[in-house]
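Undergrad:
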Amino acid sequence: MTTTVLAATADSNPVLNISIFLVFVIGTLGIVFYVNNRQAKKTAADFYTAGGGFSGTQNGFAIAGDYLSAASFLGIAGAIAINGYDGFLYSIGFLVAWLVALLLVAELLRNTGRFTMGDVLAFRMRQRPIRAAAATSTLAVSFFYLLAQMAGAGALVSLLLGISGAVAQGVVIAVVGVVMIAYVLIGGMRGTTWVQMIKAVLLIAGALVMTVWALSLFGFNFSAIMQAAADGSPKGEGLFAPGQQYGKSLTSKIDFISLGIALVLGTAGLPHVLMRFYTVPTAKEARRSVEVAIWLIGLFYLFTLVIGFAAGALVGPEAINNAPGKVNSAAPLLAAALGGPVLLGIIAAIAFATILAVVAGLTITASASFAHDVYINVIKKGEVADTEATQVRVARRTAIVIGIVAIVGGILAKDQNVAFLVALAFAVAASANLPTILYSLFWKRFNTTGGLYSIYGGLISTLVLIIFSPVVSGAETAIFPEADFAWFPLANPGLVSIPLSFLLGVVGTYVGQKRHDGSKYAEMEVRSLTGAGIAKAEVH
Amino acid sequence: MSTTESDEQPGGSTPGAPDWAAAQASPDFQELRRRLRGFVFPVTAGFLAWYLLYVLLASFAPAFMATPVLGNINLGLILGLLQFVSTFAITVAYIRFAGRTLDPLSTKVRNEIEGGR
């Protein structure tokens, strides 16, 4: 089996792969161009949120497309193939997290904001400091996430296109960045949403095909796939139970719990996820979006469970670890083993599409936050002659700057171990954003000082703990393996930083001014629960 | 969005704007608020506790999780899949609850506010 797989990867046809990839890029750019020309009005609402004109079902697909990154597809499948059960643990956190969004955040956020997280937080606070804080946190999360995606794109190429070498990887990162900027500039949120919907359909369909195909080889008996994976693994039936990846020591177990908490609480604080709730007209449609997204994301993670064990069974851990992309190559190698170069090419193109859709979503979120929160409300204090045109212009320029930063950052970081950046983004989102959002929505006494404490406290504590963790120094796998200034034992800071930020929000609130005008909270609460006074969706 | 530098934005004083404080104090709104919080707070506490229990079992009781149930399908896999089942079930339950119990009341309160301008 191993030899045929290696032959299949050697057969991996770069021309075929690039052609399929080009078809996707040209096809989606065409659609982005088409929907934009047909529907766009050049307003800020249109650029940031497509005028709130998508249906809940459409947005549910777009959320799945925005959320399911290449890390979840390639990373989780690979982790299951190598470490068995422990890879599955990730996907559970990523899924359960959506209940926080469904029950506590999506609808209330839709009813109280227009474009950004800052809108909700600033509803009853002092505008400038709280918007500046919200934008800082949004830009930090987006930057970490974007850097991880871009660096991952470079690593993927060596595997998927059979190209290696620093220059070729750099070129691919630049191409991803340029296409991403094109989606955002041409299509704004409407175009980006369409790209995400298309990608969600392709990704889930691709995963479904691989799942059914692999199951059919084992008589649709999942237990038999598990057995075959165990037979080919040095870990044997140890794959079936937790502990292969995180069970090594007490520290690694606590580290995993810390990661699990950050995943569950971080999702509903990710700015690019929050912004998606503004692309629908009502709270009811926002609810429907999350419902659809939960079904799609849940199904997808069930598929990755089968794909992971099937990759272990049909490709084998040795072949996976010897492939250029290591763990990330499990799913593409399985595609090659099942369907030869054509299926490999399709899955490779889907992986690229995944990166493109996610980075475009991050870029538009970050540029909206900069233009709307920082430029209009903080720098210009809301006093701009033509708010609409100005902020769209600023947002477009910001998107270009972010794209360039992402390309340069991605090229510089491509040889680094950047997997921790995604976990870091979730940890910041869970520490800085979620407590502040929940307090704003549910706690009458909460005030500006409390908001600043929880945002900056969460952001700074997360960053400080990461800098002094084994991720940065004091371990062989660290960014600076020779140095050792680590005193925090966990690679995932959430266990400390999340409770700390919740606490800081309370402390700040009581430290801050007592003078308190309940009427603004009355307005926020009534609007958040009823949708009264909501800006109506633009009719297309 | 207006820009002010007081600690809280002044609210409710604009002529013609809805009286939010009165709307908030209305029995219908209080009931809506009670129903929403009565559902989402306990359910959130429940699924977070259930998830935490699962993560703790996976970390500290791998032998328990390895207990075979059916072929190679063990307790760990079943508990993991039950996390999927509970997530789907809570989603369906909330959608039904919101559609039947929250939406009629929130529509009523909204119509009163917007009709009363």
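Taken in sequence, the protein lines are chains A and B.
Note that the working numbering numbers the first sequence so that position 374 is 381, with each residue one more than the last.
Note that the working numbering numbers the second sequence so that position 32 is 56, with each residue one more than the last.
For glycine and all other residues, C-beta sits at the position ideal for the given N, C-alpha and C.
1. Does DSSP put N20/A in a helix, a strand or coil?
2. For S480/A, list the residues DSSP reports as bridge partners.
3. Using 8 Å as the limit for Cβ to Cβ distance, is F121/B near chain A?
4. Output yes or no for whether 8 Å exceeds the beta carbon distance between S296/A and I137/A.
5. Within 10 angstroms of its Cβ, does V12/A collect 16 or more other Cβ (buried), or is it exposed?
6. Looking at the structure shown, is Q97/B part of a helix, part of a strand, or coil, going by DSSP?
7. Taking the C-alpha atoms as reference points, what is the distance between A117/B and K291/A?
8. Express the C-alpha separation of L116/A and E55/B in angstroms, rounding to a whole number.
9. Helix, strand or coil, according to DSSP, for P348/A in the structure here?
10. DSSP has P92/B in a bridge; who is on the other side?
11. Which residues in the same chain have their Cβ closer than 8 Å to the Cβ of G243/A, if we skip the five residues on either side of it in sequence?
12. Using the C-alpha atoms, what's the distance from H279/A back to L273/A?
13. Taking the alpha-carbon positions, what's the N90/A to D491/A distance?
14. In this structure, how does DSSP classify T258/A when only helix, strand and coil are distinguished?
15. Measure the Cβ-Cβ separation of V186/A and L363/A and say whether it is below 8 Å.
16. Taking 8 Å as the CB-CB cut-off, is R134/B touching chain E?
17. In this structure, how does DSSP classify Q251/A when only helix, strand and coil are distinguished?
18. Which whole-angstrom value is the C-beta distance of L163/A and N335/A, which I expect to be below 8 Å?
19. Who are the neighbours of I38/A on chain B, taking C-beta pairs under 9 Å?
20. Which bits of chain B does V103/A rub up against, with CB to CB less than 7 Å?
21. Using a Cβ-Cβ cutoff of 7 Å, what residues of the region 248–264 of chain A are near chain B? List them in chain order.
22. Alpha carbon to alpha carbon, how far is S504/A from N384/A?
23. State the Cα-Cα distance for the pair L110/A and T68/B, rounded to the nearest angstrom.
24. For R120/B, name the three-state secondary structure that DSSP assigns.
25. Where does M8/A land, buried or exposed, given buried means 16+ other C-beta within 10 angstroms?
26. Nearest chain B C-beta to E395/A closer than 8 Å, yes or no?
27. Run through chain B and tell me which residues come within less than 9 Å of Q234/A, C-beta to C-beta.
28. State the DSSP-derived secondary structure class of N328/A, mapped to helix, strand or coil.
29. Would the region 344–355 of chain A count as touching the region 26–35 of chain A if we require 3 or more Cβ pairs under 8 Å?
30. Look at G368/A and D73/A and say whether their C-beta atoms are less than 8 Å apart.
31. Looking at C-alpha atoms only, which residue of V299/A, P500/A, T370/A and G540/A is the closest neighbour of L154/A?
32. Determine, using beta carbons only, whether Q54/B comes closer than 8 Å to chain A.
33. How would you call F284/A, buried or exposed, if buried means at least 16 neighbouring beta carbons within 10 angstroms?
34. Taking the C-alpha atoms as reference points, what is the distance between A343/A and L350/A?
35. How big is the Cα-Cα spacing for Y463/A and V127/A?
36. Taking Cβ-Cβ distances shorter than 9 Å, what residues in chain A pair up with A117/B?
TA: Per the coordinate set shown:
1. coil
2. F487/A
3. no
4. no
5. Because the pLDDT at V12/A is just 44, under 50, the model does not fix this residue reliably, and the point stays unresolved.
6. Sequence inspection shows Ile at residue 97/B; the Gln mentioned does not correspond to that position. Strand, per DSSP.
7. 15 Å
8. 20 Å
9. helix
10. N98/B
11. A237
12. According to the sequence provided, residue 273/A is Gly. The question's Leu does not apply to it. Distance between the alpha carbons of G273/A and H279/A is about 12 Å.
13. 29 Å
14. helix
15. yes
16. Among the protein chains of the structure shown, namely A and B, there is no chain E.
17. coil
18. 7 Å
19. Within 9 Å Cβ-Cβ: nothing; I38/A doesn't reach chain B, min ~30 Å.
20. F71, Y75, Q107 and T111
21. A248, P249, G250, Y253, G254, K260, F263 and I264
22. 29 Å
23. 7 Å
24. helix
25. Annotation note: pLDDT 39 at M8/A (below 50); position unreliable, coordinate value reported separately. M8/A comes out exposed.
26. no
27. G95 and N96
28. helix
29. yes
30. yes
31. T370/A
32. no
33. buried
34. 6 Å
35. 17 Å
36. The premise fails here: A117/B is roughly 10 Å from chain A at the closest Cβ pair, so nothing lies under 9 Å.
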